[in-house]
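2 protein chains.
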Amino acid sequence: MSGLNGHIVLAHGGGGELTRRLLDEHVLPPLRNALLAPLTDAAVLPVAAGRLCLTTDAFVVQPLEFPGGDIGRLAVCGTVNDLAVMGAVPQVLSLALIIEEGLPLTTLDRIVASVAHAAAEAGVVIGTGDTKVIERRGGDGMMITTAGVGVLRADARVDVARVAAGDVLIVTGGLAEHGLAVMAAREGLGLQTDVRSDVAPLNGLIGAVLDSGADVRFMRDPTRGGLAGVLADLAEASGLTLEVDEAALPIARGTRHLAELLGLDPLTVANEGKCVMVVPADDAERALRACRAHPLGRAAAVVGRCVAGRPTVELVTESGGRRVVQRPYGEELPRIC
Amino acid sequence: MSGLNGHIVLAHGGGGELTRRLLDEHVLPPLRNALLAPLTDAAVLPVAAGRLCLTTDAFVVQPLEFPGGDIGRLAVCGTVNDLAVMGAVPQVLSLALIIEEGLPLTTLDRIVASVAHAAAEAGVVIGTGDTKVIERRGGDGMMITTAGVGVLRADARVDVARVAAGDVLIVTGGLAEHGLAVMAAREGLGLQTDVRSDVAPLNGLIGAVLDSGADVRFMRDPTRGGLAGVLADLAEASGLTLEVDEAALPIARGTRHLAELLGLDPLTVANEGKCVMVVPADDAERALRACRAHPLGRAAAVVGRCVAGRPTVELVTESGGRRVVQRPYGEELPRIC
Chain A
1 MSGLNGHIVL
11 AHGGGGELTR
21 RLLDEHVLPP
31 LRNALLAPLT
41 DAAVLPVAAG
51 RLCLTTDAFV
61 VQPLEFPGGD
71 IGRLAVCGTV
81 NDLAVMGAVP
91 QVLSLALIIE
101 EGLPLTTLDR
111 IVASVAHAAA
121 EAGVVIGTGD
131 TKVIERRGGD
141 GMMITTAGVG
151 VLRADARVDV
161 ARVAAGDVLI
171 VTGGLAEHGL
181 AVMAAREGLG
191 LQTDVRSDVA
201 PLNGLIGAVL
211 DSGADVRFMR
221 DPTRGGLAGV
231 LADLAEASGL
241 TLEVDEAALP
251 IARGTRHLAE
261 LLGLDPLTVA
271 NEGKCVMVVP
281 ADDAERALRA
291 CRAHPLGRAA
301 AVVGRCVAGR
311 PTVELVTESG
321 GRRVVQRPYG
331 EELPRIC
Chain B
1001 MSGLNGHIVL
1011 AHGGGGELTR
1021 RLLDEHVLPP
1031 LRNALLAPLT
1041 DAAVLPVAAG
1051 RLCLTTDAFV
1061 VQPLEFPGGD
1071 IGRLAVCGTV
1081 NDLAVMGAVP
1091 QVLSLALIIE
1101 EGLPLTTLDR
1111 IVASVAHAAA
1121 EAGVVIGTGD
1131 TKVIERRGGD
1141 GMMITTAGVG
1151 VLRADARVDV
1161 ARVAAGDVLI
1171 VTGGLAEHGL
1181 AVMAAREGLG
1191 LQTDVRSDVA
1201 PLNGLIGAVL
1211 DSGADVRFMR
1221 DPTRGGLAGV
1231 LADLAEASGL
1241 TLEVDEAALP
1251 IARGTRHLAE
1261 LLGLDPLTVA
1271 NEGKCVMVVP
1281 ADDAERALRA
1291 CRAHPLGRAA
1301 AVVGRCVAGR
1311 PTVELVTESG
1321 GRRVVQRPYG
1331 EELPRIC
């Protein structure tokens, strides 16, 4: 516990003896691997010639721990998923911690263990990192920025320019669970719900779909801004109208209920373990089968199609009406990821 | 200005229309490059087979702008330098911004421009990024985490295990300028000083030394913890005694004066544009010449040597006495980088 009453103090961030003890006792042991071991300023990784992907994400979720996950799992999965939707195989992650003075070391320990667990689940290593300490705010704060490197699969041709009229939209599972679980945890008492964050590494599921031979033309994980945000981007980038069948959207009953209680539209709420894919209609069955054979894709569904027309997203309601889905404007849900 | 009185609001971080405008109007234009342009979830970079380096650093410096630099320049140089001291050629950086509600957009603009300028100076591109917004604290806050990828030079053999008795220690320029400049800026009025942060990308200087053929066995940029911290690590990792000649340490007169005023030991204060190198005694002249021919290395000096003995750092004072230099314990200087 470093003898300091079990909490982070500013001195843990000074780059001296205390920083070293913090790393040696609380950060490095759960993460230990061959790349990280030398503790030089960078990880060294041998690579074959090819195309590499580099991505980064900052995570500021509050609370740090929520039903179904925590900021550590979120940071690993978010970066793994950003690589996977590019068609890359994630390999090495960096981990930068900004810790607020006052954080209990037991909380830090749980979150670092969660980072290690999620990394093992995704098959990636934490190759390098950095730790900073900032002054007390609420005393329970921590932010994590991960970056990740992956190697592009030679057979992946994810490129929004290839999306064409006639292609179909697939969603790999129930929507809106991450954002709603975090919001419910924040509201605290009174909100009894079974909704848990869906935060999970998608590289296995996406790899299975690519292995199936389905021609995946576009993939994105609908995080901040939700499905509505991803589809607005896709409509704009492809120049096509996206027709979404409301009845086909996989949204669990409990999720729908919680969204109503909180007054939120599930289409704009963040997911952290779901993927939107576009494939030619002829490949839809093949892609769906691959999804449903994977534990994270059992509820996968074709939810719509791309058609020629103005670049908009149209929701075809259960009664047969149509309404335009807008890109969410601002911050419906602060600090959700 | 996005029509919101010229300040960051929480809604800028929501992943919706406002986030897009923030990126399109304030973040992307200065950084624009071929990798970043597609705005997918990751940058794709073609690589030849070889050894890649990945590194990351989180920056929480206060104030955001200080004499000689700002958090943007610091974030680029810190990561470029961590790659360079590995013997790698830095290529692509990721940029994750965590912005506090209330930050003036004009401040953001200056800092993003500074990121772009430093990246150009270092010859790297910002390939991918992320932007998050957190609640108001003081209203002037911003944190940046960069990660970087570089390719290891085939001729670089930086490895602390190769450091041997008889090798010499080189410092590439005046010590303690970054930390003191930031502290002086923070103290505000009353402290008139010309000391400016030395924050600069070292890849050019380090490349010149490697090109000279000098056998560089160890390199590190003495940031948090200062020269004392790096030498403590080196003594421990090499198992050698490091003798440092106090009279040989390049510390400018104004720096020394400011350190005395602030009651700080220049050996423990952070640098952001200096490098400690270990080379065989026979290569010292060659390495020094290469340093001094570079604008960032004019004050380079041999400051000591590695000798057999207990792994400690000993300062040989101008009067011929000896004192042991300790690793700094904790946080003498909070939020200095």
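From first to last, the protein sequence lines stand for chains A and B.
My numbering numbers the first residue of the first sequence as 1 and each following residue consecutively.
My numbering numbers the first residue of the second sequence as 1001 and each following residue consecutively.
Even for Gly, the Cβ is constructed at its ideal location relative to N, Cα and C.
Predicted model only: the values in this text are computed from it and were never measured.
Below-8 Å beta-carbon distance, residue i vs any chain B residue
i, result
"C53 (chain A)", "yes"
"V47 (chain A)", "yes"
"G273 (chain A)", "no"
"M183 (chain A)", "no"
"N57 (chain A)", "With the sequence shown as reference, residue 57 (chain A) is identified as Asp, and Asn is not the correct amino acid for it. Closer than 8 Å: yes."
"L83 (chain A)", "yes"
"G341 (chain A)", "Beyond the ends of chain A as shown, which are 1 and 337, falls residue 341 (chain A); an answer cannot be given."
"L31 (chain A)", "no"
"M143 (chain A)", "yes"
"A147 (chain A)", "yes"
"P266 (chain A)", "no"
"R127 (chain A)", "First, the amino acid is wrong: residue 127 (chain A) is Gly here, not Arg. Yes, G127 (chain A) lies at the interface with chain B (some Cβ there is under 8 Å from its Cβ)."
"D24 (chain A)", "no"
"R323 (chain A)", "no"
"A172 (chain A)", "According to the sequence displayed, residue 172 (chain A) carries Thr and not Ala. Cβ-Cβ to chain B under 8 Å: no for T172 (chain A)."
Straight-line Cα distance separating residue j from residue i
i, j, result
"A300 (chain A)", "R292 (chain A)", "6 Å"
"G16 (chain A)", "G1226 (chain B)", "9 Å"
"V324 (chain A)", "L180 (chain A)", "23 Å"
"R256 (chain A)", "S197 (chain A)", "14 Å"
"V195 (chain A)", "T145 (chain A)", "26 Å"
"Q1192 (chain B)", "M1183 (chain B)", "12 Å"
"L54 (chain A)", "A1237 (chain B)", "31 Å"
"L1093 (chain B)", "D245 (chain A)", "40 Å"
"G229 (chain A)", "A156 (chain A)", "24 Å"
"I1134 (chain B)", "G1320 (chain B)", "54 Å"
"D1070 (chain B)", "E318 (chain A)", "54 Å"
"R21 (chain A)", "V1216 (chain B)", "29 Å"
"I98 (chain A)", "A1058 (chain B)", "7 Å"
"M1001 (chain B)", "A1147 (chain B)", "Residue placement at M1001 (chain B) is poorly supported in this model, since its pLDDT is 41, which falls under 50; the coordinates still yield a value, given next. The straight-line gap from Cα to Cα measures roughly 29 Å."
"A1259 (chain B)", "P1266 (chain B)", "6 Å"
DSSP-derived helix/strand/coil call for residue i
i, result
"G1016 (chain B)", "coil"
"A290 (chain A)", "helix"
"G6 (chain A)", "coil"
"P1343 (chain B)", "Here chain B has residues from 1001 to 1337 only, and residue 1343 (chain B) is not among them."
"T1056 (chain B)", "strand"
"L1083 (chain B)", "helix"
"I1126 (chain B)", "strand"
"R220 (chain A)", "strand"
"V1325 (chain B)", "coil"
"D963 (chain B)", "No statement about residue 963 (chain B) is possible, as the shown extent of chain B runs from 1001 to 1337 and does not include it."
"E236 (chain A)", "helix"
"V1302 (chain B)", "strand"
"D282 (chain A)", "helix"
Under 8 Å between C-beta atoms of residue i and residue j
i, j, result
"V168 (chain A)", "V279 (chain A)", "yes"
"G309 (chain A)", "P250 (chain A)", "no"
"D958 (chain B)", "R220 (chain A)", "Any property of residue 958 (chain B) remains undetermined from this structure, which presents chain B solely from 1001 to 1337."
"P1067 (chain B)", "V1080 (chain B)", "no"
"N271 (chain A)", "P201 (chain A)", "no"
"G1013 (chain B)", "K1132 (chain B)", "yes"
"H294 (chain A)", "L205 (chain A)", "yes"
"E100 (chain A)", "R136 (chain A)", "yes"
"P46 (chain A)", "L1010 (chain B)", "no"
"T107 (chain A)", "L175 (chain A)", "no"
"G1087 (chain B)", "L1210 (chain B)", "yes"
"A75 (chain A)", "T128 (chain A)", "no"
"I1111 (chain B)", "A1119 (chain B)", "no"
"C1306 (chain B)", "A1161 (chain B)", "no"
"A373 (chain A)", "V313 (chain A)", "Absent from the model: residue 373 (chain A). The displayed extent of chain A is 1 to 337, so no value can be given."
"T1056 (chain B)", "D159 (chain A)", "no"
CB contact below 8 Å: residue i versus chain A
i, result
"L1105 (chain B)", "no"
"K1132 (chain B)", "yes"
"G1102 (chain B)", "no"
"E1017 (chain B)", "yes"
"V1044 (chain B)", "yes"
"A1154 (chain B)", "no"
Enumerate, from N- to C-terminal direction, the unbroken alpha helix (DSSP H) stretches of 4 or more residues contained entirely within the segment 147 to 212 of chain A. Listed in chain order, they are 177 to 187, 203 to 211.
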